[in-house]
Structure formats: C-alpha cells, structure tokens
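Heads up: the structure comes next, in structure tokens.
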Amino acid sequence: MKYVDEFRDPHKARVLIRRIESLIPEIPLTRQRPLQLMEFCGGHTHTIFRYGIEQMLPDAIELVHGPGCPVCVLPMGRVDDCVALAERPDVIFTTFGDAMRVPGSQKSLLQAKAEGADVRMVYSPMDALALARKHPDRQVIFFALGFETTMPSTALTVLQAEREGIDNFSLFCNHITTVPTIKAILDSPDMQIDGFLAPGHVSMVVGEKPFHFVAEHYGKPIVITGFEPLDILHSLWMLLRQLADGRRAVENQYARVVRPDGNRAGLAAVSRVFELREFFEWRGLGSIDHSGVRMRDEYARFDAERRFAVPNIRIADPKACQCGEVLKGVIKPWECKVFGTACTPETPMGALMVSSEGACAAYYNFGRIDLDALVARREAAGEG
Amino acid sequence: MKAERLRARRRLTADTITLAHGAGGKAMHDLIDDLFAGEFDSAELAGREDQARLEIDALRQTGARLAFTTDSYVVDPLFFPGGDIGALAVNGTVNDLAVGGAQPLYLSCGMILEEGLPLATLRQVVMSMKKAADRAGVAIVTGDTKVVPRGSADKLFINTAGVGVIPPGREPGAGRARPGDVILINGPIGDHGAAIVDARGELALENSIESDCQALNGLVEALFAACPDVRCLRDATRGGLATVLNEFAAASSTAMRIDEQALPVREQVRGVCELLGLDPLYLANEGKLVAVVPPESADRALAALRSHPAGRDAAIIGEVRDAPAGTVVLATAFGGDRLVDMLVGEQLPRIC
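Heads up: the protein sequence lines correspond to chains A and B, in order.
Numbered per our numbering, the first sequence spans residues 1 to 384.
Numbered per our numbering, the second sequence spans residues 385 to 736.
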C-alpha cells in the first residue's frame, strides 16, 4: 500500500538496527545498566508490539511504555459517571469504540448497553452532532476523550453546535494534557528514564515548543516520533545519537506531519472552548496538577457535567495494582503481582490492561512469546 | 509458575449476555464450553467441531457417517456487496458441513420475521437462498416461519440446519495438527468483515469491497481428492483466521507460525483496517477455509485449491511447530515476531 509500506521496509529496519547497535558502545551509561527509553504515547506502544520491535533491539535498550493511552488512564469514577449519564432514559451516549470496555466500579459502557442503555459507537464527534440533529427529542452526549490530538475536533464540534443553535448536544469532557504528565513522571523520585519518544500526533497539534523543558530543565533528550515501525527505530537511533554526543535537545523525526508551531487554527479552537482544570485524576498515577481541561463558562450549556447531575465519586485504584510503577519503568508489566492472573484483558483490574494500547494488554496480547524465557531469567537471577 | 497460570482455562464470568458472547472470541468460547457443552454434555459435542459426525447403522456398512449442523444468521444490513443474508444462510451451513469432510445434501430453513417487513425484501432473500442452494448442489427440504411484533427482531433472522454424508476415510480434526505440517488458505482474508463495515455506511468510504460469501463444498472435494490426509480443516468465519488458528493450536497442543508476507489481504481491506485500527487476522470471512496438511502433501494441496474457482488465490501461509504449544505466532513483515491471541470481545476501533 502506497505511503504505508515505505515505512515498514524490513531492509531499512535492519540498517537502522545495525546503526543503533553500533552507537551503544559510545554511550558510557550502557556499561552500568540498560538505557531506559520511554515512548509516552499508546499509539507507539501499539506499533512496538504489533511489529515485534522490542525483540529486534539490543539488550542495552529497555523500552518503558508510558501513560499515553487516554482510555487506560481514565479513573473508575469517571467511567461510573459515563454509565450514569448513559443510563438516563432521555440520553443517547456516544463514544469512541475502545472506551466501551473500560471497567467502572460496577460495569463498563458495554455492559450498560447490554442492560438497555442507548450507547452508540462513533468515529468522530461530528457523528455525535449528526445524531443530535436527527434526534431533537433526545439528549446526545459525546464522551470527549483523548490528549491534545483529539481536542481540536471536539472543540470544533462544539463551535459548530453553537453556530447551528443545537441545544440537545453536550460533552462529557475528559480531555487530558501531555506536558504536565511528562513533568509528573520526570519529578517522581524513582524515575530513571534516559530519553523520551514524544507523541507525534499530540505534537502535530501543540508543536515542538512545549517539550523544550524536558531537554532544558531535566537534561533528557526527546524526539517527536511518527507511528510507523521505521519511525520508531529512526527516533530511537536519534535518541542514542544525542546520548552518544552528550547533547540534550528536542528533535523532530515526524517532520512530514509535525510543524514547529503545531496547528494554530486547532489550538485557537481549543483555547476558545476549553480551559485547564486545577487537577485531574489519572488511573495508576493519581492526581496531576493541570493535567486535564474543562469547558469554559461560555460553553457551560454544552457541558454534560453541568447540565446533568453526575455522581462524581472518586474511586481508588485497586490496591494490588502496580500500574504506577509499570508506567514509570520501575517494574516490567509481567513483574506486577496480578499480571495475567487477577488482571487480564477480559477482566482488567488496572489501567494498563484495559485497551490494546496499554502496556500490560499489549504485553499480554502480543508479547507473551518470551514470557517463559523472561520468567526463567528472572528466577535464575534470584529475583523471582 | 506464572507462565503456566497464564494459560489456565478461562471461565464464564459475565452476569449478562453482551455482544462479545457472539463475536467468536474468548467470551463466546467460554459461553459454549461452560454453559452449552457443559449442560448438553454429549460425546458428539466434545470435539467442538463445526458439525456433529454421527454413525448411523444404515451408513455403517459403507464406512460413511452422517454430518449434522445448524447456524443462525442475523447480519445487518440484509444486503451487502457480494451477498445477502439468504446466500449467507445457505453457504454458511454448507461450509460448516463441508469442512468436516462431508458432502452436504439437505438444508432446513427457519425464518423469524419482524412485523412490517416488506414482502419484496423477503422474496429477494428467498430467491437468493434458492440460487445459492442450486449452486452448492443442496436442497432446502423443510422449514418453519415465525412472525414477531415490531421491535422484537431486526427485520429478518434465518436459521438453517444441514445434513450431509462424510465418505469413509475423511477425518479432519482441530486436534490433529503435527509439527512440520503446512498451513494453507484458499484466498485473501477479511473481505466479508470489511464489506460489512463498508456497507453499514457509517464511514462514508468510497470503496467497493465485496464479501467473499461462497460455498466451499466443491473446493473441499477437490482438496480431499488431491490430499486425502488433510489434518485440520475449518472455515474462518467470525473471529477470522486468528481464531481458527488458535483453535487448532489449542486442540493439538502445537504452535501455529504464520508469515505476514505470505498472507493474502486485498489492498482495499488493508486500507479499511489501517483507517480503523482493525486487524485483518480477526475480520470475518464467509468463503475461506484454513487447511493443515502433512508437509509432503502441501504442494499437491495448494495445486488442488488453486485449480478450483473458489481457491484461485490460495496460498501456503505458515507451518506447525511444537513450541510454544497452544500459541499462534505471526512473523511480521517487518522482521519481528508477535503473538496472535484469541479476540477478547468484539474488535473495537482504536481511538487515535
């Protein structure tokens, strides 16, 4: 397929792997421990597992799969709020497909649907708006979810609803922000990540500038990365190049999509409709300052949280879950106490088992080939 | 040890039926294993094949057996490029018989109609069933009709049961794969699933993917003629190729290793999958069979498949290995390996 296969060429992959391998001896740190490189974004995690990239890399590189899966990090209480909204008889609740399976404290949206709630899968917020036009007697709520990538389309949909005077459409806003979250990871005391792959599609919206602090204040290299397997390998090579040269900078591997200033029209729509929340609760990471957005007062009539009573009860993560430690790279997914036993993709306990973009689910689905070897190695090392 | 615990058998845990229980993946297998097969508890069900294989006195002298199967059809929309619910109801049941090595003979037709269904729609479906039955060489010989109030069913549901005769010597079974065996498929995967996504029109894609809906009994005859020692044979419907291979791997305690570069997938189907974050390995087919044959028969089997119109694009897609037992591994075109597990529920499009 044109414009796709070029980025999945196995010969180019082998060349990049060789270049990556040849850089390892130039990085002194690798003599003490493997480098920990974090891909923040769930889309990258998916690519890494889908193409088997982890097994192609030398042992001196450990990939840490970050929290950038908006479905995974949604706390249970918010899912309960979704279910409560969806179960109102006057409501058509619309959502992206993979949010349907996320467990709340009682049930998921999929279960609510099976019990009679009108939950519909859409591919875009504009589909939800079209439903509102079609069913003027019903309240259509769109479950707005995602990082900066999906914010502009949500914001533009609200502006469109305003222009058309549609009053039976609203958002349940759970948009989250990237930068405060990366900062929270960098500030955590047990963190030892040596470099970051920055999310390509978030960067397409926000541009390069918001990531400068990673290099400037924390002294970590960061490369904005595309989503094809060669993009990932190329970016890993760029990270190693920086580490070998002793440089710390923001570099843009995904230049075919990401402009330095991002998408100005998109950002303008976002800041017109949304404002930062003081804090937002994440599954696995707890509360992070300024890590979510809510709707501005001018758009309160499109805000489902203000239009309808939601329970808004905070539900603590299950105690056995070690999602936070996995997210920060302190332990590997399969080292978690409940991985694959109490916590599986069918009955996920923790955030990272929920969506195929979550590190644990990705490991469970695609990565278990090497599990016996991993467990054996670990037991041989006396850690098991 | 942890790795062993991971592979322990799963159980039916749900309180209510969700769509996942019909999607062909783990949830559906749990439902069948724990509830249906658990309660009905017959020797014929134990093999978990697509058809029961019955020894009947009248046939026994010849060494032949009776094959018996049933399937219900609830597809939405009723008509889609490349087929309709009527053609599906005939071909699907014919195929469930054929992959047991049977020569399909007779079908039943149970109709559940929603009040208000236009008669012209029903007529069109029935004519399509007749055409498909003629093409597959089977007769529809008994039936039943129920009409339910508006809203109690979605337009039209069809159940067909089928019987056929398995000639002596044919014994394909999911548990018979051996290391070294070769895995074949009769053409590109995912056409039906992609055609349905397309035909629902939610995406307004400018596309023309046709369902692969077709009867496979002629192709199966050609395969057995060339290669009587077919080890495993199934049609890859809901849950796609990935599910069938997982069933083979689990039943025979072997590993199925397939090569992404050898997998036939149409460009348009790949396109839909790229757009939606779907995986063609899990997309439904309605005219694809997966065969496992001994290595020495592989070339003969491939030639036989390719010589038949329903297998022109047949390909060898992988081989059976001994370890890791019970798994399906895809060698990616990119050069890595990845585990292809059973689908947990429905395949849901990813958010970004």
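Just so it is clear, CB atoms sit at the ideal spot from N, CA and C, and this is done for glycine as well.
Residue i, buried or exposed, once every other Cβ within 10 Å from all chains shown has been counted against 16
{"i": "B/G719", "result": "buried"}
{"i": "B/D706", "result": "exposed"}
{"i": "B/N630", "result": "buried"}
{"i": "A/V15", "result": "exposed"}
{"i": "A/N312", "result": "exposed"}
{"i": "A/I92", "result": "buried"}
{"i": "A/G384", "result": "Legend: pLDDT at A/G384 = 33, less than 50; position of this residue unreliable, no value from coordinates given."}
{"i": "B/A392", "result": "Caution applies to B/A392, whose pLDDT of 41 falls short of 50 and renders its modelled position unreliable; the model cannot decide the point."}
{"i": "B/D414", "result": "buried"}
{"i": "A/K209", "result": "exposed"}
{"i": "A/R259", "result": "exposed"}
{"i": "A/A381", "result": "Note that A/A381 scores a pLDDT of 49, beneath 50, so its modelled location is shaky; the value from the coordinates is reported in the next line. The residue in question, A/A381, is exposed, as its Cβ has fewer than 16 Cβ neighbours within 10 Å."}
{"i": "B/Q652", "result": "buried"}
{"i": "A/R101", "result": "buried"}
{"i": "A/H11", "result": "exposed"}
{"i": "B/T529", "result": "exposed"}
{"i": "A/P221", "result": "buried"}
{"i": "B/A633", "result": "buried"}
{"i": "B/T544", "result": "buried"}
{"i": "A/D59", "result": "exposed"}
{"i": "B/A668", "result": "buried"}
{"i": "B/T400", "result": "exposed"}
{"i": "A/M1", "result": "exposed"}
{"i": "B/V525", "result": "exposed"}
{"i": "B/A599", "result": "buried"}
{"i": "B/V474", "result": "buried"}
{"i": "B/S426", "result": "exposed"}
{"i": "B/Q435", "result": "buried"}
N-terminal and C-terminal residue of the alpha helix (DSSP H) that residue i is part of
{"i": "B/I440", "result": "From DSSP, B/I440 is part of no alpha helix (DSSP H); its letter is neither H nor E."}
{"i": "A/H11", "result": "10-23"}
{"i": "A/K337", "result": "No alpha helix (DSSP H) holds A/K337; DSSP gives it neither H nor E."}
{"i": "A/Q242", "result": "229-245"}
{"i": "B/R722", "result": "Here B/R722 belongs to no alpha helix (DSSP H); instead the beta strand (DSSP E) covers 721-723."}
{"i": "B/N669", "result": "Taken as a continuous stretch (DSSP letters only), B/N669 belongs to no alpha helix (DSSP H), as it is neither H nor E."}
{"i": "A/C82", "result": "76-86"}
{"i": "B/D683", "result": "682-690"}
{"i": "A/S287", "result": "No alpha helix (DSSP H) holds A/S287; the beta strand (DSSP E) holding it covers 286-289."}
{"i": "A/L131", "result": "125-134"}
{"i": "A/F387", "result": "This structure cannot speak to residue 387 of chain A, because chain A is shown only from 1 to 384."}
{"i": "A/R163", "result": "151-164"}
Among the options, nearest to residue i - alpha-carbon criterion
{"i": "A/T405", "options": "A/A128, A/E164, A/M1", "result": "Lying before the first or after the last residue shown, residue 405 of chain A is absent from chain A, which here runs from 1 to 384."}
{"i": "A/C343", "options": "A/Y363, A/I141, A/R50", "result": "A/Y363"}
{"i": "B/I701", "options": "B/D725, B/T716, B/T400", "result": "B/T716"}
{"i": "B/V656", "options": "B/P488, B/S691, B/E433, B/A583", "result": "B/A583"}
{"i": "A/A130", "options": "A/A112, A/T94, A/F227", "result": "A/T94"}
{"i": "B/R432", "options": "B/T402, B/P693, B/G557", "result": "B/G557"}
{"i": "A/R107", "options": "A/L233, A/A361, A/T347", "result": "First, the residue type needs correcting, since residue 107 of chain A is Lys and not Arg in the sequence shown. Of the candidates A/L233, A/A361, A/T347, the one whose C-alpha sits nearest the C-alpha of A/K107 is A/T347."}
{"i": "A/P103", "options": "A/R120, A/P333, A/V119, A/R78", "result": "A/R78"}
{"i": "B/H692", "options": "B/T621, B/L603, B/P612", "result": "B/L603"}
Cβ-heavy atom distance, residue i to the ligand GDP, below 7 Å
{"i": "A/S124", "result": "What this structure holds is no ligand at all, so the ligand GDP is not there to describe."}
Start-to-end residues for the beta strand (DSSP E) that takes in residue i
{"i": "B/K530", "result": "523-532"}
{"i": "A/F93", "result": "91-95"}
{"i": "A/R294", "result": "293-295"}
Sheet register partners of residue i (DSSP bridge)
{"i": "A/M38", "result": "A/V64, A/F196"}
{"i": "A/P180", "result": "None; A/P180 has no bridge partner."}
{"i": "B/G702", "result": "B/I567, B/I642"}
{"i": "A/H175", "result": "A/G146"}
{"i": "A/E208", "result": "DSSP lists no partner for A/E208."}
{"i": "B/G546", "result": "B/T453, B/L491"}
{"i": "B/G467", "result": "B/F464"}
{"i": "B/A675", "result": "B/L568, B/L617"}
{"i": "B/A715", "result": "B/D643, B/D721"}
{"i": "A/T402", "result": "Because residue 402 of chain A is not part of the residues shown, which for chain A are 1 to 384, the question remains open."}
Evaluate the contact criterion for the stretch 70-83 of chain A versus the stretch 272-283 of chain A: three or more CB pairs, one atom per stretch, below 8 Å. yes
Counting pairs of beta carbons, one from the stretch 562-581 of chain B and one from the stretch 517-531 of chain B, are three or more of them closer than 8 Å? no
Contact between the stretch 297-311 of chain A and the stretch 82-96 of chain A is defined here as three or more beta-carbon pairs at a separation below 8 Å; is this criterion met? yes
Tell me, please, whether the stretch 134-145 of chain A touches the stretch 165-177 of chain A by the rule of three or more beta-carbon pairs shorter than 8 Å. yes
So, does the stretch 641-658 of chain B touch the stretch 523-542 of chain B, judging by three or more C-beta pairs under 8 Å? no
Are the stretch 443-458 of chain B and the stretch 540-550 of chain B touching, with three or more C-beta to C-beta distances below 8 Å? yes
Below 8 Å, can you find three or more Cβ-Cβ pairs linking the stretch 488-500 of chain B to the stretch 562-577 of chain B? no
Below 8 Å, how does it come out for the stretch 229-245 of chain A and the stretch 25-43 of chain A: are there three or more Cβ pairs, yes or no? yes
Are the stretch 38-57 of chain A and the stretch 292-302 of chain A touching by the rule of at least three beta carbon pairs closer than 8 Å? no
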